[in-house]
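Engineer:
4 protein chains.
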Amino acid sequence: MKAMTLKAPGGLDKFVVADLPAAPPPKAGEITVRLHASSLNYHDYVVAIGQLKTADNRIPMSDGAGEVVVVGEGVTEFAVGDHVMSMFFPDWFMDEATPATVGKMPGDTIDGYAREYVTVSAHFFTKTPPGYSHAEAATLPCAALTAWRGLVTAGQVKQGDYVLVQGTGGVSVFALQFAKAAGATVIATSSSDEKLERMKALGADHLINYKQETKWGKKAKEITGGRGVDHVLEVGGPGTLTQSMFACRMGGHIALIGVLTGISGEVPTYLLFSSQLRVTGIMVGSRKDQLDMNRAIATNGIKPVIDSSFPLEGIADAFRHQESQKHFGKICLEF
Amino acid sequence: MKAMTLKAPGGLDKFVVADLPAAPPPKAGEITVRLHASSLNYHDYVVAIGQLKTADNRIPMSDGAGEVVVVGEGVTEFAVGDHVMSMFFPDWFMDEATPATVGKMPGDTIDGYAREYVTVSAHFFTKTPPGYSHAEAATLPCAALTAWRGLVTAGQVKQGDYVLVQGTGGVSVFALQFAKAAGATVIATSSSDEKLERMKALGADHLINYKQETKWGKKAKEITGGRGVDHVLEVGGPGTLTQSMFACRMGGHIALIGVLTGISGEVPTYLLFSSQLRVTGIMVGSRKDQLDMNRAIATNGIKPVIDSSFPLEGIADAFRHQESQKHFGKICLEF
Amino acid sequence: MKAMTLKAPGGLDKFVVADLPAAPPPKAGEITVRLHASSLNYHDYVVAIGQLKTADNRIPMSDGAGEVVVVGEGVTEFAVGDHVMSMFFPDWFMDEATPATVGKMPGDTIDGYAREYVTVSAHFFTKTPPGYSHAEAATLPCAALTAWRGLVTAGQVKQGDYVLVQGTGGVSVFALQFAKAAGATVIATSSSDEKLERMKALGADHLINYKQETKWGKKAKEITGGRGVDHVLEVGGPGTLTQSMFACRMGGHIALIGVLTGISGEVPTYLLFSSQLRVTGIMVGSRKDQLDMNRAIATNGIKPVIDSSFPLEGIADAFRHQESQKHFGKICLEF
Amino acid sequence: MKAMTLKAPGGLDKFVVADLPAAPPPKAGEITVRLHASSLNYHDYVVAIGQLKTADNRIPMSDGAGEVVVVGEGVTEFAVGDHVMSMFFPDWFMDEATPATVGKMPGDTIDGYAREYVTVSAHFFTKTPPGYSHAEAATLPCAALTAWRGLVTAGQVKQGDYVLVQGTGGVSVFALQFAKAAGATVIATSSSDEKLERMKALGADHLINYKQETKWGKKAKEITGGRGVDHVLEVGGPGTLTQSMFACRMGGHIALIGVLTGISGEVPTYLLFSSQLRVTGIMVGSRKDQLDMNRAIATNGIKPVIDSSFPLEGIADAFRHQESQKHFGKICLEF
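Chains as they are written, first to last, in our numbering: chain P, 187 to 521; chain Z, 187 to 521; chain D, 187 to 521; chain V, 187 to 521.
1. In the DSSP assignment, the alpha helix (DSSP H) including V:Lys407 goes from what residue to what residue?
2. If you run the structure through DSSP and keep just helix, strand and coil, what is Z:Asp347?
3. Rounded to whole angstroms, what's the CA-CA distance from Z:Ser224 to V:Gly289? Just pull it up for me.
4. So the candidates are Z:Lys407, Z:Asn395, Z:Gln398, Z:Tyr396; which of them puts its Cα closest to the Cα of Z:Thr371?
5. What are the complete beta strand (DSSP E) segments, minimum 3 residues, inside the stretch 419 to 451 of chain V?
6. DSSP on P:Ile517, reduced to helix/strand/coil?
7. For the alpha helix (DSSP H) containing P:Ile483, list its first residue and its last residue.
8. Is any beta-carbon of chain P found at less than 8 Å from that of Z:Thr400?
9. Does DSSP put P:Ile501 in a helix, a strand or coil?
10. With a threshold of 8 Å between beta carbons, is D:Phe459 in contact with chain Z?
11. Taking only beta carbons into account, state which residues of the stretch 324 to 335 of chain D come closer than 8 Å to chain Z, listed in chain order.
12. Quick one: any contact between the stretch 477 to 495 of chain V and the stretch 393 to 407 of chain V, if contact means 3 or more CB pairs under 8 Å?
13. Any beta carbon of chain Z sitting closer than 8 Å to that of D:Ser358?
14. Hey, does V:Ile155 have any beta-carbon neighbour from chain P nearer than 8 Å?
15. Tell me the DSSP secondary structure of Z:Gly336 in three-state form.
16. Using a Cβ-Cβ cut-off of 8 Å, state whether Z:Lys474 counts as contacting chain V.
17. Quick one: grab the DSSP three-state call for P:Pro292.
18. Check whether the stretch 317 to 324 of chain Z touches the stretch 442 to 453 of chain D, counting contact only when three or more Cβ pairs, one atom from each stretch, lie closer than 8 Å.
19. Mind checking whether D:Ala324 and D:Gly250 have CB atoms under 8 Å apart?
20. Could you check the C-alpha separation between V:Arg413 and P:Lys474 for me, to the nearest Å?
21. Compare the Cα-Cα distances from Z:Leu463 to each of D:Leu463, D:Met280, D:Ile468 and report the closest residue.
22. In angstroms, rounded to a whole number, what distance separates the CA positions of D:Met431 and Z:Thr455?
23. Would you call the CB atoms of D:Phe279 and D:Cys328 closer than 8 Å?
24. At a Cβ threshold of 8 Å, is P:Phe279 touching chain D?
25. In the DSSP assignment, find the unbroken beta strand (DSSP E) run with V:Gly260 in it and report its ends.
26. Work out the CA separation of D:His417 and D:Ser461 for me, nearest whole Å.
27. When you compare the stretch 233 to 242 of chain Z with the stretch 327 to 344 of chain Z, are there three or more beta-carbon pairs, one atom per stretch, that lie closer than 8 Å?
28. Can the beta-carbon of D:Leu419 be found closer than 8 Å to that of D:Glu302?
29. With which residues is Z:His417 paired in a DSSP beta bridge?
30. My output table needs one value for P:Leu221: the three-state DSSP class, helix, strand or coil.
31. If you compare alpha carbons, which of P:Val421, P:Pro212, P:Pro195 is closest to P:Ala308?
32. Looking at the unbroken alpha helix (DSSP H) that takes in Z:Leu192, where does it start and where does it end?
33. For V:Ala330, which three-state DSSP category applies?
34. Taking D:Gly389 as the reference, which of D:Ser248, D:Phe364, D:Gly471 has the closest Cα?
35. With a threshold of 8 Å between beta carbons, is D:Gln462 in contact with chain Z?
36. What do you get for Z:Lys405, buried or exposed, if any count of 16 or more other CB atoms within 10 angstroms of its CB means buried?
Now the structure itself:
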């Protein structure tokens, strides 16, 4: 079985093509999956460059999609031939996570999906939405589920709400799509007019170039007629949170997802209080979230935006492309 | 000022054209509205035929829409010329109703809107959604708000959910429209194939003629692939509730709205328990619900289906048309 | 290993003392538990008398408590010597149940805990609250968890609420205790003044003998000063539901738990609508519920009321005692 | 009528004893209240010292309690002789605030209750809990309602939860009392061992002197057995928020209430994300919150801790006492 592994302490030149033993036959409750695709997330990137330390020879990549090839005793949820996609946190079933249920992270604390076969407990996977290719399915477990949990599970977005999405990364594009499918109005921000036009083509109702409009929070509030937005998908972190707060309506919701601008910074906490804001820390989602999301995708027909695909051995090039920030939508591996 | 009044003890031949004194000038906190439209609901009908007892010479009709013509001191929410629509329960501000907040019902416990002018506290009205005619606005306060509260406030409908609507009355048509705008899949039932086709044209995904398919609950569950629907807008009451329960998924939600088949009847309560159902009794909605709904309408562009319009003096004919059950969508009065 | 089994088609004279093979050593993820106690629920009774059909030679009893004696590979939640109690639905992790997660019911669809040893997946058990005997722990998985889910998970009972509990069965006594620990006021009903006095001793604030006070719903509403109760733990079903509805405040909550008076009956559905009631069907609870409940018990110091204990071979006598309705609190098996 | 007014731009030496005209007779919907007590909050203090600018000759004090002496036409909620307490935000009825509903703040944007009589709309007041003196009732509208909304409305505290309260100010003492009445375990922090002992006497289960234990967040987590607390009542703001985050369990709740340590500061936003925290900005509460709280107080028998009382003319001395930080519990004015 072919796989990519990462030599400690990481770095884009530390990927190795490995010839590993075949995946073992499934025990009771397990399945064997022939993987065909993965997709790149920021979390995979910080593993790849060694900013997040992992074991030596770790198989990277948290997203995996493929086909069930062997089904272990007692597994009723899947049959041979089913197309399946991975869970970011395979042990998180319940609505609330605990440290125990988020300890196991494929591609980080355990081996991930940059390989041809895997044998794991059936609950590491869910079925793929109908009509999805393996590459499309591989974009969902991390980026789409994060957007879903932020907007739907935590945010309970409803028709008529205003949703602000920051930038054009994977989570933000999915958030735009789920928000539109929910009947919301979307304000998109980016530093690139070209990327904003692509967001418009995907349904964004209002566009803000935050390089030109540095006080984009105030601008967003004006767009809503002075009331403020109902939800912000906060992927930036401390560098953008203040403007997000200014964008919100009284009682608005900020789904705090990202650390793109740092892990700590100055926050005007009085705004949380005087605008009665609600901030929820979002870290991907549960199995229930993923089943709900996939059910929604089967209905609303959303398709992920795939920027480009690389072969398994091209994983380092794929990460370099991600690093260049030139992409729009998801970068995939297909094999 | 012209108005229609109803002589006790009611009956469709008991409407009288009255020439009433002009509406008084607004006191502090009040507004005077020139009414231009109303619409008929089942509640108005039971008042009209005297099944629900009201005071002698009551001005009927709970729905009203028109234009603000005078604004009292201290009113900041409205300006002269604003188009406005009434609240079914003008005193219900908070999310939960109390007997005190639902005691005042225009067209029932106090005079309603079958008249040219009214002077009331500003909180009896909200603004009309942009682009709505007075007749369109007059369809919203009772029927649309009931559908909204059942599906959105109580049901928290989300994309991917299955929603079952019963029949083709006003509440059910609005429920179909809100469900589609929320990204849900809709199953519509009716005894008329012709009406079902009209529901399909409005977006219904699945149709069931319940005369042909008497076990329509089981049929609906099959349509969902065996899982069951997430929400039923139950307008029938005891005669339909059992099938609604069979239609539901485990943990499903039934918004109990109506009494069309009676006020009491045999209910298989064990199904509530074994399917872990959630039943919520819905009686129109609060001011917050109405503001949220109107904000949604401004975004999703939903337009009410108007069956026909009658002049104010044609109120008895309008109710006879409603009685005939030949209509599809809302019957309005315009004046 | 000694166990009790039940010959099909059931009946209190169909229990057999069986000498079964020893429990197998635990595989990965499993534990072996030396059981020491069980307790009787209505669900066990309908199994025992054969009203609910089960496989021939079924080992009955859904509640089990004991001590971990062997721990399989990879189990981190338990250590040898830990005192543990069973889950009614071992596969229900998530907040919402599905048919798949409630299909496995020890003592019903699979063998239960009327035996000395069992080897099962670790997730069939949770730890016992500190200071609890095995018999005390065995009272919790069905009766206490049902009361917890009805009042806390579904009802979100809060200090100042009024809670009405019906009768003095296991669920109702636990509901009284949880309601008092939550700062609520409790109204207890029973046909026996003697049992009502025992409820008073456990903290009930108001007592209604429903034989003397047949319109006990109205009486309960009077006790609240006319506002109505916030929650009813409805264990009776159709025979009591109407009075429960009259007891409720506008917007009140009825946790529908039981079928003691039948599985179907006349229900005044208009009351659900006109009082805007919320009815939730409750069927025991999830693993998260059980962990939350046990954490609460560790804090509030609640102890179950145990009526009497029988040896394992006395199981038929235990059910006869339950049938006689002379007990107050839980009947246990200890072995 | 005697009143205290504050000369702009504020300062503790700017209070003036004023002899104002009698309160006007109530119009329709209004009541006249003979005020007998008020209490001091941090918000009143920043008004008093002029940090928060108010109109010249403003009558300060947001809390007021007294007796209804005249009832205007149409008022049904109150009768002459009723004991009443004020609403911090008289126009906030609905569960969610809007800028319009929190614009009117007695003692800040409009005149407050440092006077003998007031005539206002009936909805400026609610009834006082039974058995409460005017001084006791005057402690509730700001401090107690803030604690209630943070813990109960937003936090949905339940039995078994751990609640951390910071310091021994009015909000924190009420939070301790409500948390204990809800069946929670309370961890109290203070820089004074003496004050900690007073918290213990009121029911605090665990005490941390944050001067000795500067990493009190970690200490609090240890107290919970490593799981973390469920709720923090964050009155400090940026200077304490980091430790609060460390104290929390995964998925824990921080009710952000205060600005005692500043309005802005360094926040480790990654913790919000990695611990999936929920932060809610709390600014007192709605009428519904106050009615719920008072109903709870009538049940749980909580009594406020009153540090000391001053006459109306002693208002500056009262604020100086507050400034000295030597008090424990609420400082009142009685007149």
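Glycine is no exception: its CB is placed at the ideal position from the N, C-alpha and C atoms.
Note that this is a predicted model, so its numbers are computed, not measured.
Structural biologist: From the atom records:
1. As a first step, residue 407 of chain V must be located in the fourth sequence, where it is residue number 221. V:Lys407 -> alpha helix (DSSP H) spans 402 to 409.
2. Residue 347 of chain Z sits at position 161 when you count from the first residue of the second sequence. DSSP places Z:Asp347 in coil when its eight states are reduced to three.
3. Position 38 of the second sequence, counted from the first residue, corresponds to residue 224 of chain Z. Position 103 of the fourth sequence, counted from the first residue, corresponds to residue 289 of chain V. About 34 Å.
4. As a working mapping, residue 371 of chain Z is identified with position 185 in the second sequence. Nearest option by C-alpha distance: Z:Lys407.
5. Under the rule that a run must span 3 or more residues, the beta strand (DSSP E) segments found entirely inside the stretch 419 to 451 of chain V read 434 to 442.
6. Translated into the one-based positions of the first sequence, residue 517 of chain P becomes position 331. Looking at P:Ile517 - three-state DSSP - the assignment turns out to be strand.
7. The residue given as residue 483 of chain P occupies position 297 in the first sequence. First-last of the alpha helix (DSSP H) with P:Ile483: 473 to 486.
8. As a working note, residue 400 of chain Z is residue 214 in the second sequence. For Z:Thr400, the closest Cβ of chain P is not nearer than 8 Å.
9. Here residue 501 of chain P is taken as the residue at index 315 of the first sequence, counted from 1. It is helical.
10. Taking the first residue of the third sequence as position 1, residue 459 of chain D is located at position 273. At least one chain Z Cβ lies under 8 Å of D:Phe459.
11. The residues in question: there are none.
12. No, they do not touch.
13. Position 172 of the third sequence, counting from 1, holds the residue named residue 358 of chain D. Under the Cβ criterion of 8 Å, D:Ser358 is not counted among the residues facing chain Z.
14. Residue 155 of chain V falls outside the range modelled here, since chain V spans only 187 to 521, and no answer is possible.
15. Working through the second sequence from its first residue, we reach residue 336 of chain Z at position 150. Here DSSP, grouped into helix, strand and coil, assigns Z:Gly336 to helix.
16. Taking the second sequence and counting its residues from 1, the one referred to as residue 474 of chain Z is at position 288. Look at Z:Lys474: its C-beta is under 8 Å from a C-beta on chain V.
17. Here residue 292 of chain P corresponds to residue number 106 of the first sequence, with the count starting at 1. The answer is strand: DSSP assigns P:Pro292 an E or B state.
18. Because the criterion of three Cβ pairs below 8 Å is not met, the stretch 317 to 324 of chain Z and the stretch 442 to 453 of chain D do not touch.
19. Counting from 1 along the third sequence, the entry for residue 324 of chain D is found at position 138. Counting from 1 along the third sequence, the entry for residue 250 of chain D is found at position 64. Yes; because the gap between Cβ atoms is below 8 Å, this pair is in contact.
20. The residue you call residue 413 of chain V lines up with position 227 of the fourth sequence. The residue you call residue 474 of chain P lines up with position 288 of the first sequence. One C-alpha to the other measures close to 23 Å.
21. Translated into positions along the second sequence, residue 463 of chain Z becomes position 277. Per the Cα distances, D:Ile468.
22. The residue you call residue 431 of chain D lines up with position 245 of the third sequence. The residue you call residue 455 of chain Z lines up with position 269 of the second sequence. Approximately 14 Å between the Cα atoms of the pair.
23. Here residue 279 of chain D refers to the residue found at position 93 when the third sequence is read from its first residue. Here residue 328 of chain D refers to the residue found at position 142 when the third sequence is read from its first residue. One thing to note: D:Phe279 has its Cβ no nearer than 8 Å to the Cβ of D:Cys328.
24. Working through the first sequence from its first residue, we reach residue 279 of chain P at position 93. So, interface residue.
25. Along the fourth sequence, one-based indexing puts residue 260 of chain V at 74. That residue, V:Gly260, is in no beta strand (DSSP E); it is neither H nor E in DSSP.
26. Position 275 of the third sequence holds residue 461 of chain D. Position 231 of the third sequence holds residue 417 of chain D. In this model, D:Ser461 and D:His417 are separated by some 13 Å (Cα to Cα).
27. The stretch 233 to 242 of chain Z, when compared against the stretch 327 to 344 of chain Z, does not touch it at the 8 Å Cβ threshold.
28. The count along the third sequence starts at 1 and reaches residue 419 of chain D at position 233. The count along the third sequence starts at 1 and reaches residue 302 of chain D at position 116. For D:Leu419 and D:Glu302, no; Cβs fall outside 8 Å.
29. Locating residue 417 of chain Z in the second sequence gives position 231, counting from the first residue. In the DSSP secondary-structure assignment, Z:His417 is bridged to Z:Val349, Z:His439.
30. Here residue 221 of chain P refers to the residue found at position 35 when the first sequence is read from its first residue. P:Leu221 sits in a strand when the DSSP states are folded into three classes.
31. Along the first sequence, read from residue 1 onward, the residue named residue 308 of chain P stands at position 122. P:Ala308 has its Cα closest to that of P:Pro212, out of P:Val421, P:Pro212, P:Pro195.
32. Counted from its first residue, the second sequence places residue 192 of chain Z at position 6. For Z:Leu192, there is no enclosing alpha helix (DSSP H); the residue is found in the beta strand (DSSP E) stretching over 188 to 192.
33. Translated into positions along the fourth sequence, residue 330 of chain V becomes position 144. Residue state, collapsed to three classes: helix.
34. Residue 389 of chain D sits at position 203 when you count from the first residue of the third sequence. Considering only D:Ser248, D:Phe364, D:Gly471, the residue with the shortest C-alpha distance to D:Gly389 is D:Phe364.
35. The count along the third sequence starts at 1 and reaches residue 462 of chain D at position 276. True, the Cβ-Cβ gap to chain Z drops below 8 Å.
36. As a working note, residue 405 of chain Z is residue 219 in the second sequence. When all chains shown are included, Z:Lys405 counts as buried.
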